[in-house]
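Trainee: Numbering (my numbering), first residue to last: 31 to 332. Would you mind keeping the following structure in view while I ask a few things?
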C-alpha cells in the first residue's frame, strides 16, 4: 500500500472530535475507521503478503474511506512540524491509561498515532497534533472507567500479574487458543479488543514509552477478566451467523469476498486491526504449535 494512507489515517484520527464531521455525535467511536486504514497499511508493509494483496486491501480501504468521506477530508492547512509534541500525547495518555475504559481504545488510538508520527514525523503538523491532543485529552477527562485496584481484589482475578509485555501477550494468545468456537455460527467467544489493547501497550513499549505502557498492564488485566464474563454470558445467545473462510490473510483469496456479508467486523474496521495486531504479536510467542492454533482460531474472529 502507498504510504499516503498513513497521512490519510492520521489526519482522519485527528478529526474524530471535529464538530464539522457529521458523525461526530458518536464521539470517540469514529476513530475506528482511521485506525483501520493505518492498520491495513502496516499489515501489508510488515508481512510477506502475496502479490496482489496490496491492491486487494487498498480496494477495501478505499471503501472504508468512501463511507466516511467527511472524516477523511484533509485539513485546510497542513504546514509546519512540531515533533516535540508527540511525547506530550503520551503524557496525556497517562491520565487514562491506568483505568480500563472503552475496550482500551484510549490506548489504541494513542499508540497508533505515536507509531505513525514516529515513522513519518513530517505528518505532525499543528492541526494534526491539536486534534490528536484533543482526542487523547477527551479520554483523560472522562470520569468513568474501571480502576484495577477496585476490581482485581481478594484473589478473584484469574489473570495473573504481568511481569512484562511478553507475559501479557502470552496471556492473550492462551485465551485465544482455548476460546470456545460456536461452529454452527462460525464465531469464537473471544474479545478481539483484548488483543488490540495488548498490542497498543506493546507498541508504546517498542516506541520507547515502556514505563508508561506498564502503567496500563493492570487495566488490561481488567479487560481480560471482563472478556471472560462477557463471553460466558453470550455462549447461549443466538449471534448472527457469518461465513468463515479457510484462506490465509496473506493471500488474495482471503480478500476476494463480499465483506458486506461478514457482519460488522468489516464495518467497524476490525478485520484490518485484528490482523495487524495478531501478526505483529504472534512471533513473540515461542511455541509454533500455539501460533498455528491461534491462527486457526483467528479465522473465526475475522
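Each residue gets a CB set at the ideal place from its N, CA and C atoms; glycine is no exception. Everything numeric in this text was worked out from a predicted model, so none of it was measured.
#1: What number of angstroms, rounded off, separates the C-alpha of residue 285 from the C-alpha of residue 40?
#2: Can you check DSSP and say which residues form a bridge with residue 130?
#3: In this structure, how does DSSP classify residue 212 when only helix, strand and coil are distinguished?
#4: Please confirm if the stretch 221-231 is in contact with the stretch 149-156, defined as three or more CB-CB distances below 8 Å between the two stretches.
#5: Taking a contact to mean a Cβ-Cβ separation below 8 Å, would you say residue 47 touches residue 153 in this structure?
#6: Got a sec, what are the start and stop residues for the alpha helix (DSSP H) residue 187 sits in?
#7: Could you tell me how far apart the beta carbons of residue 139 and residue 43 are, in whole angstroms, since I believe they sit closer than 8 Å?
#8: Could you give the DSSP three-state label for residue 217: helix, strand or coil?
#9: Would you say the stretch 301-315 touches the stretch 60-80, given that touching needs at least three Cβ pairs under 8 Å?
#10: One question on the structure: do residue 296 and residue 289 come within less than 8 Å of each other, judged by their Cβ atoms?
#11: Thinking C-beta only, is residue 130 closer than 8 Å to residue 253?
#12: Relative to the C-alpha of residue 175, which candidate in 208, 137, 77 has its C-alpha closest?
#13: Tell me which residue opens and which closes the alpha helix (DSSP H) that residue 139 is part of.
#14: Taking C-beta to C-beta, are residue 178 and residue 244 nearer than 8 Å?
#15: Have a look at residue 171 and residue 247 and give me their C-alpha separation to the nearest angstrom.
#16: Using 10 angstroms around the beta-carbon of residue 61, count the other beta-carbons present and answer buried if the total reaches 16, otherwise exposed.
Mentor: From the atom records:
#1: Residue 285 and residue 40: Cα-Cα distance of roughly 24 Å.
#2: According to DSSP, which records beta bridges pairwise, residue 130 is partnered with 176.
#3: For residue 212, the three-state secondary structure derived from DSSP is strand.
#4: Contact between the stretch 221-231 and the stretch 149-156 is absent, because fewer than three Cβ pairs lie under 8 Å.
#5: No, these two residues do not count as a Cβ contact at 8 Å.
#6: That residue, residue 187, is in no alpha helix (DSSP H); it is neither H nor E in DSSP.
#7: The beta carbons of residue 139 and residue 43 sit about 7 Å from each other, so the pair counts as a contact at 8 Å.
#8: Correct three-state label for residue 217: strand.
#9: Under the Cβ criterion (8 Å, minimum of three pairs), the stretch 301-315 counts as touching the stretch 60-80.
#10: Cβ distance < 8 Å, so residue 296 and residue 289 count as in contact.
#11: It is a contact, given that the beta carbons lie within the stated cut-off.
#12: Comparing Cα positions, the closest option is 137.
#13: Following the DSSP letters along the chain, one finds residue 139 inside the alpha helix (DSSP H) bounded by residues 135-149.
#14: Taking 8 Å as the Cβ cut-off, residue 178 and residue 244 do not qualify as a contacting pair.
#15: Taking the straight line joining both Cα atoms gives about 20 Å.
#16: By the 10 Å Cβ count, residue 61 comes out buried.
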